[in-house]
Amino acid sequence: MPNLKNPMAPQELLVAGAALKAGVFDALREKPASLDELVQGLSMDRRALWTIMEALISLGYVVQTGKTLTLTPEANDLFFNEDAEHYLGYSLIHTFNVIKAWTHLPEILKTGQPPDKERDQQDIKGFMSAMKKGAKRMAEPLVRICLAGLPEEAKVLDLGGGPLNYARPFAFAGADVTVQDIPEVCALMESMLLPGEKINFVSGDFTKEVFSGHFDLVFLGNISHIYGEEENLLLFQRVHAALRKGGRIAILDFVRGISPMAELFAVNMLANTKTGGTWTMKQYTIWLNTAGFCQVELHDIDGRQIITAASL
Ligand SMILES: C[S@@+](CC[C@H](N)C(=O)[O-])C[C@H]1O[C@@H](n2cnc3c(N)ncnc32)[C@H](O)[C@@H]1O
1 MPNLKNPMAP QELLVAGAAL KAGVFDALRE KPASLDELVQ GLSMDRRALW TIMEALISLG
61 YVVQTGKTLT LTPEANDLFF NEDAEHYLGY SLIHTFNVIK AWTHLPEILK TGQPPDKERD
121 QQDIKGFMSA MKKGAKRMAE PLVRICLAGL PEEAKVLDLG GGPLNYARPF AFAGADVTVQ
181 DIPEVCALME SMLLPGEKIN FVSGDFTKEV FSGHFDLVFL GNISHIYGEE ENLLLFQRVH
241 AALRKGGRIA ILDFVRGISP MAELFAVNML ANTKTGGTWT MKQYTIWLNT AGFCQVELHD
301 IDGRQIITAA SL
């Protein structure tokens, strides 16, 4: 039986995360298979896959009947049943990648920079799933705070909103939503829009250009921690230019000195980004005022902060 109380225990996390990332659970979900069929179908090394499968059997993720390997109901719930109590989905891939990045901290302490890395489709799916998990309980109060007092059918630009965790609830609340994200995320997520769902996608790097459209609201969900002080100030200036006069910026992040998670989360940004970190309310206020915003306000939802401000 998987360690449902603590599926993040390191060895279990690493072996299950590796199998999920490499597509082993996807293959078994599609069809139970023998070891040799899996070796062939996934182009894997037989000794390596045998060793991992034996470990997964001992941990209760897979059962073997004769030669046939099948996912256990617990593993199926953990990865593929969104309604299950212990559902993790592909977010385990993201956790796996986070651990991988943190193992480089001794070198990063010398260089200040994370090693280069490439993301494949499984990594993107893992990232999206982790973002979705984090957003589930936040979306409803966040949308209420962000849209308060704005016109009906407010024009909203969701910067880095590709995972649709907030774009969807904004659209559901009646807003006219545009998402700006990087091309590969836009391509993946545009194909996942629900029938009749109206969300516009714009591909583009917002460190170079922010899509303009006299927006009532520009929302930055978990964006400021990816970038350093200089980039954040420049981004807020671009956001100001994309808003109508009196429009609103709303920033969701872990504010240093207020969120109990901010210090440790900054380590994740150190391990994964060139300039990212978590920032204090004083820093946000200076960037916002310098970029032309006033009425800076702080809201709190369960230890996550939303900062709103109005464009002058
Ligand atoms: C941490 S995720 C946040 C996703 C979503 N806003 C949320 O809070 O759930 C960051 C998102 O911003 C996008 N992103 C990061 N840097 C970007 C850039 N320079 N230009 C466009 N999109 C970017 C990423 O692709 C990703 O979808």
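Mapping to full-length UniProt numbering: the sequence shown position 291 is 291, numbers consecutive. No residue lacks a Cβ here, since even glycine has one placed at the ideal position from N, Cα and C.
Status (buried if at least 16 other CB within 10 Å, exposed otherwise) for residue i
i: G126; result: buried
i: I199; result: buried
i: residue 317; result: Given a span of 1 to 312 for the chain in the structure shown, any question on residue 317 remains unanswerable.
i: R304; result: buried
i: N81; result: exposed
i: H86; result: exposed
i: A135; result: buried
i: C155; result: The residue asked about is misnamed: residue 155 is Lys in this sequence, not Cys. Burial call: buried.
i: G276; result: buried
i: R47; result: exposed
i: A262; result: buried
i: S58; result: exposed
i: P183; result: exposed
i: Q180; result: buried
i: A291; result: buried
i: G66; result: exposed
i: R137; result: exposed
i: P195; result: exposed
i: P169; result: buried
i: R248; result: buried
i: residue 317; result: What the structure shows of the chain is the stretch from 1 to 312, and residue 317 is not part of that stretch, so it cannot be assessed.
i: residue 313; result: No answer is possible for residue 313: the residues shown for the chain start at 1 and end at 312.
i: L38; result: buried
i: L164; result: buried
i: S191; result: exposed
Continuous beta strand (DSSP E) stretch holding residue i: start and end
i: G246; result: 243 to 253
i: S311; result: 304 to 311
i: F176; result: Looking at the sequence shown, residue 176 is not Phe but Asp. Element bounds for D176: 176 to 181.
i: G221; result: 215 to 221
i: L157; result: 155 to 159
i: V63; result: 62 to 65
i: N200; result: 199 to 203
i: L71; result: 68 to 71
Run of the alpha helix (DSSP H) containing residue i, from where it starts to where it stops
i: H94; result: 91 to 102
i: R168; result: 167 to 172
i: V24; result: 24 to 30
i: I301; result: Careful: I301 lies outside any alpha helix (DSSP H), inside the beta strand (DSSP E) at 293 to 301.
i: S259; result: Looking at the DSSP string, S259 is not in any alpha helix (DSSP H), and its letter there is neither H nor E.
i: G277; result: Counting along the chain, G277 falls outside any alpha helix (DSSP H), and DSSP gives it neither H nor E.
i: L193; result: From DSSP, L193 is part of no alpha helix (DSSP H); its letter is neither H nor E.
i: F127; result: 121 to 135
i: G17; result: 10 to 21
i: E152; result: Unbroken run through E152: none, as it is neither H nor E.
i: P141; result: 139 to 147
i: K110; result: 105 to 111
i: residue 313; result: In this structure the chain extends from 1 to 312, so residue 313 is not present and cannot be described.
i: E37; result: 35 to 41
Same chain, Cβ closer than 6 Å to residue i, neighbours up to 5 away in sequence not counted
i: T280; result: R256, G257
i: V185; result: G162
i: P141; result: I301
i: R244; result: H214
i: E153; result: G174, D176
i: A171; result: V177, I199
i: S129; result: G89, Y90, S91
i: H225; result: D253, M269, G276, T278
Nonlocal neighbours in the same chain, by C-beta distance under 8 Å from residue i, ignoring five residues either side
i: F96; result: L13, L14, G17, A18, L20, K21, G126
i: G41; result: A27, A33
i: N289; result: V296
i: Y227; result: T207, L235, T273, T275, G276
i: A84; result: D77, L78
i: I124; result: E184, V185, L188
i: L298; result: V255, I258, M281, Q305, I306, I307
i: residue 313; result: Here the chain comprises residues numbered 1 to 312, so residue 313 is not present and cannot be evaluated.
i: G23; result: L42, Q122
i: R29; result: L71, N76, F79, F80
i: D205; result: I182
i: E197; result: R168, A171
Any chain C beta carbon closer than 8 Å to residue i
i: F127; result: No chain C appears in this structure, which consists of one protein chain only.
Close beta carbons around residue i, own chain, < 7 Å, minus the five adjacent residues each side
i: W50; result: L35
i: M53; result: L35, V62, L69
i: L193; result: I199
i: S259; result: G303, R304, Q305
i: G60; result: M1, P2, T72, E74
i: A242; result: L157, V210, F211, S212, G213, F215, V218
Is there contact here, the region 141 to 157 with the region 106 to 119, by at least three beta-carbon pairs under 8 Å? no
Examine the Cβ distances between the region 205 to 223 and the region 152 to 165 and report whether three or more of them are shorter than 8 Å. yes
Hey, is the region 92 to 110 in contact with the region 268 to 277, meaning 3+ C-beta pairs nearer than 8 Å? yes
Three or more beta-carbon pairs under 8 Å between the region 246 to 266 and the region 196 to 211, yes or no? Result no; under three Cβ-Cβ pairs closer than 8 Å.
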